[in-house]
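*Asks:* Numbering (this note's numbering), first residue to last: 28 to 176.
For every residue, glycine included, the Cβ atom is placed at its ideal position computed from N, Cα and C.
Treat the numbers as computed from the prediction; the structure is a model and nothing was measured.
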Amino acid sequence: MLVTYAVVVCVVRRKINSWQGTFDPVVEQQKVHLRHQIRPLMWYPIAYIFVTIFPTINRIYDIVEERDVFALWILHVLFSPLSGALVAIMYGVERDTFRRYRWSNFRGIMRSKFAKDTTTEYPVYVEEVKERDGQKSEDENDALTKPLM
């Protein structure tokens, strides 16, 4: 993950710092947009390292030493499941995502979550088809008037 991140950062920086000839406002706008896109990406590897540092230390210590350290196991257990929560928090506080939060959206979500289910299912009946020339059999009429389920 860190190698991929480093490659992305290098490619984007090379593209941002490349000389494009004379001044072009479109190119400058693209460079600003690239910087804006890269800035949030730098926090994800830092969060990953923060979350995996104690489990990694615990695993290395477990390989080297025969005895376990209770404090390392507690930190391992506390930090291991935090990766998903930390990424969700980082995504939630990102500027673009944060701008989309509206109180009306939150109220609608809460109403739909805690609303009583009012959907009721009723059996479907098909009306009897009128006989043509008296050639309809009883079995067909019975099949058309029974509930479909």
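(1) Could you have a look at Val151 and say whether DSSP puts it in helix, strand or coil?
(2) Between Lys42 and Leu68, which are expected to be in contact by the criterion C-beta below 8 Å, what is the C-beta distance as a whole number of angstroms?
(3) Given a cut-off of 8 Å, decide if His103 and Pro82 are closer than it, judged by their beta-carbon atoms.
(4) How long is the line joining the alpha carbons of Ile87 and Trp100, rounded to whole angstroms?
(5) In chain order, what residues of the same chain lie with their CB nearer than 7 Å to the CB of Leu113, ignoring the 5 residues before and after it?
(6) Which residue marks the beginning of the alpha helix (DSSP H) containing Glu55, and which one marks its end?
(7) Measuring alpha carbon to alpha carbon, tell me which residue in Arg40, Pro52 and Ile84 is nearest His63.
(8) Would you tell me roughly how many angstroms separate the C-alpha atoms of Asp95 and Ile84, rounded to the nearest one?
(9) Return helix, strand or coil for Ser110, following the three-state DSSP convention.
(10) Less than 8 Å between the C-beta atoms of Val34 and Ile65, yes or no?
(11) Quick check: what's the CA-CA separation for Asn132 versus Val120?
(12) Quick one: residues in its chain with C-beta nearer than 7 Å to the C-beta of Leu109, no 5 flanking neighbours on either side, listed in chain order?
(13) Closer than 7 Å by C-beta to Gln57: which residues in its own chain qualify, once you throw out the five before and the five after it? Chain order, please.
(14) Who are the Cβ neighbours of Tyr118 in its own chain at under 8 Å, not counting the five residues just before and after it?
*Replies:* Result, derived from the coordinates:
(1) Against the sequence shown, residue 151 aligns to sequence position 124. Strand at Val151.
(2) Residue mapping note: residue 42 aligns to position 15 of the sequence shown, counting from 1. Residue mapping note: residue 68 aligns to position 41 of the sequence shown, counting from 1. The pair is not a contact, with the Cβ atoms about 14 Å apart (cut-off 8 Å).
(3) The residue labelled residue 82 in the question sits at position 55 within the sequence shown. The residue labelled residue 103 in the question sits at position 76 within the sequence shown. Yes, these two residues count as a Cβ contact at 8 Å.
(4) Here residue 87 is taken as the residue at index 60 of the sequence shown, counted from 1. Here residue 100 is taken as the residue at index 73 of the sequence shown, counted from 1. Straight-line Cα distance between these residues: approximately 12 Å.
(5) As a working note, residue 113 is residue 86 in the sequence shown. Excluding positions up to five away in sequence, the list reads Ala74 and Val78.
(6) Working through the sequence shown from its first residue, we reach residue 55 at position 28. Segment Pro52 to Ile65, the alpha helix (DSSP H) holding Glu55.
(7) Along the sequence shown, read from residue 1 onward, the residue named residue 63 stands at position 36. Closest option to His63, Cα to Cα, is Arg40.
(8) Locating residue 95 in the sequence shown gives position 68, counting from the first residue. Locating residue 84 in the sequence shown gives position 57, counting from the first residue. Roughly 12 Å separates the two Cα atoms.
(9) Position 83 of the sequence shown, counted from the first residue, corresponds to residue 110. Three-state DSSP puts Ser110 in a helix.
(10) As a working mapping, residue 34 is identified with position 7 in the sequence shown. As a working mapping, residue 65 is identified with position 38 in the sequence shown. No, the Cβ-Cβ distance between Val34 and Ile65 is not below 8 Å.
(11) The residue labelled residue 132 in the question sits at position 105 within the sequence shown. The residue labelled residue 120 in the question sits at position 93 within the sequence shown. Rounded to the nearest angstrom, the two C-alpha atoms are 17 Å apart.
(12) One-based indexing of the sequence shown puts residue 109 at position 82. Cβ within range, chain order: Val78.
(13) Stepping through the sequence shown from its first residue, residue 57 is reached at position 30. Around Gln57: no qualifying Cβ.
(14) The count along the sequence shown starts at 1 and reaches residue 118 at position 91. Closer than 8 Å at Cβ, skipping near neighbours: Thr124.
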